[in-house]
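Residue numbers (my numbering): 4 to 328.
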Amino acid sequence: MARSTDTVRVRDQRAKGSEETGGIMETQTEKALVSRIRIVQLTLANACKATIHFMRTKPLGAMGMVIVLVATLVALTAPLAVPHDPWGVDSSTILQSPNTTFWFGTDMLGRDILSRTMYGARISMLVGLVSMAGASFMGTVVGITSAHFGGWYDLVVQRLIDGLTAFPSLLLAIALMAAFGQSLTNVMLALAIVFCPRITRVVRSAALGIKQTAYIDAARAIGATDLRIMMRHVLPNTFAPLIVITTASVGTMIIVEASLSFLGVGTPGGVISWGSLLSGEVQTFFATAPWIGLFPGFALTLVVFGINVFGDSLRDVLDPRLRRT
């Protein structure tokens, strides 16, 4: 009996211990969850404060940000928000001037200009953003590795960059499209290659300054690998100039894409973009029906203006040299 009583007592103690351990683990989990929620709340609060401060100190940049956000929203919701079929041909509505039914008028095939302009935002914004993402990735990798390793690798990279930047952006894009062939993917690839050199130079310049700092020497002294140094210490410190150059270049990319489509070497036929809306037979009918090219051209100009002023304001905020002046 005494032995069985001892066994029961041991089991009870083990059960109490496991319950206490489980309670401690649950308490720690709850504390960790509350801590994470608090961090998210503080991050959102700081982001809201920074946005309000940006809008107060940079009203023109805030206006540009609103223009970009509206254009992005239109591009995302265009398939659901367009009032008419962008490809719908109607011989009874050919070349109608702006009216209550067709706010932007119709083209030479009776298609609604407003619907086509809204749909064109999808391709133009997509090309600009995807091309800039590709150029940023390539430029960041090449720029950081070139600055970090130096030597013959840096010399070869810089000579290649000099060779690419010797050509005007549009001329180089036309040459690349002639080599790649006409497709939407090739347009984005060509633009990424064209704009990669300027991002490489900006990132390399920032990385060279970071390379000379004491904490990089300390990281090497404790045995940090080259990859860890570049990813943990160099890359985060290049974000500010990278954000500035990428934001400022998106507008130029949209213009180059529109120029390629206008010249007939950009997006293929049937794909609606702001550049394609300004090309082809539009030039023939523009004198008698100016609304055909006026509204797509105005949309292109407005979005590029918004991107440029937003990028300039970001540069003023993120560049420490400009903050001190």
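Backbone N, C-alpha and C define an ideal beta-carbon position, used for all residues, glycine too.
Starting from the Cα of residue i, find the closest Cα among the options and give me that residue.
{"i": "Phe265", "options": "Val285, Ser252, Thr249", "result": "Val285"}
{"i": "Thr109", "options": "Leu98, Asn102, Ser118, Arg119", "result": "Leu98"}
{"i": "Ile295", "options": "Leu117, Ala178, Thr143", "result": "Leu117"}
{"i": "Thr250", "options": "Gly64, Ala221, Ile55, Pro239", "result": "Gly64"}
{"i": "Thr255", "options": "Val69, Asp165, Ala176", "result": "Ala176"}
{"i": "Thr216", "options": "Ala193, Leu230, Val237, Ile202", "result": "Val237"}
{"i": "Phe170", "options": "Ala74, Phe198, Leu129, Pro86", "result": "Phe198"}
{"i": "Ala74", "options": "Val133, Tyr122, Gly91", "result": "Tyr122"}
{"i": "Leu83", "options": "Thr241, Val92, Lys52, Arg119", "result": "Arg119"}
{"i": "His87", "options": "Ser95, Leu79, Asp115", "result": "Asp115"}
Near residue i, which residues of its chain fall below 6 Å by C-beta distance, leaving aside the five closest residues on each side in sequence?
{"i": "Lys61", "result": "Ser316"}
{"i": "Ser149", "result": "Asp157, Val160, Arg207"}
{"i": "Met233", "result": "Ile147, His151"}
Going by beta carbon distance, what residues of the same chain come within less than 7 Å of residue i, once the five residues before and after it are set aside?
{"i": "Val145", "result": "Val160, Thr203"}
{"i": "Gly267", "result": "Ser282"}
{"i": "Trp106", "result": "Leu117"}
Does the beta carbon of residue i sit closer than 8 Å to a beta carbon anywhere in chain C?
{"i": "Val130", "result": "Of the chains in the structure shown, none is chain C; there is only one protein chain."}
Report all residues from its chain with a CB closer than 8 Å to the CB of residue i; omit the five preceding and five following residues, and keep chain order.
{"i": "Ala5", "result": "Only weak support exists for where Ala5 lies, its pLDDT of 49 falling under 50; the value from the coordinates is given anyway. Correct list: empty, nothing qualifies."}
{"i": "Phe288", "result": "Leu98, Asp110, Met111, Ile295"}
{"i": "Val306", "result": "Ile70, Val71, Ala74, Ala124, Ser127, Met128, Gly254, Ile257"}
{"i": "Thr328", "result": "Residue placement at Thr328 is flagged as unreliable, the pLDDT there being 48, under the threshold of 50; a coordinate-derived value is accordingly withheld."}
{"i": "Val274", "result": "Ile126, Leu187"}
{"i": "Val312", "result": "Leu63, Gly64, Met66, Gly67"}
Tell me whether residue i sits in a helix, a strand or coil according to DSSP, three-state version.
{"i": "Asp93", "result": "coil"}
{"i": "Asp165", "result": "helix"}
{"i": "Ile315", "result": "Residue identity differs from the one stated: residue 315 is Asp in this sequence, not Ile. Helix."}
{"i": "Asp88", "result": "coil"}
{"i": "Asp330", "result": "This structure leaves residue 330 out entirely; the chain is present only between 4 and 328."}
{"i": "Thr291", "result": "coil"}
{"i": "Thr109", "result": "strand"}
{"i": "Trp155", "result": "helix"}
{"i": "Lys61", "result": "coil"}
{"i": "Phe170", "result": "coil"}
(request) Could you tell me whether the region 211-225 touches the region 88-104, using the rule of 3 or more Cβ pairs below 8 Å? (result) no
(message) Using a Cβ distance threshold of 8 Å, determine whether the region 128-138 contacts the region 189-196, with at least three qualifying pairs required.
(response) yes
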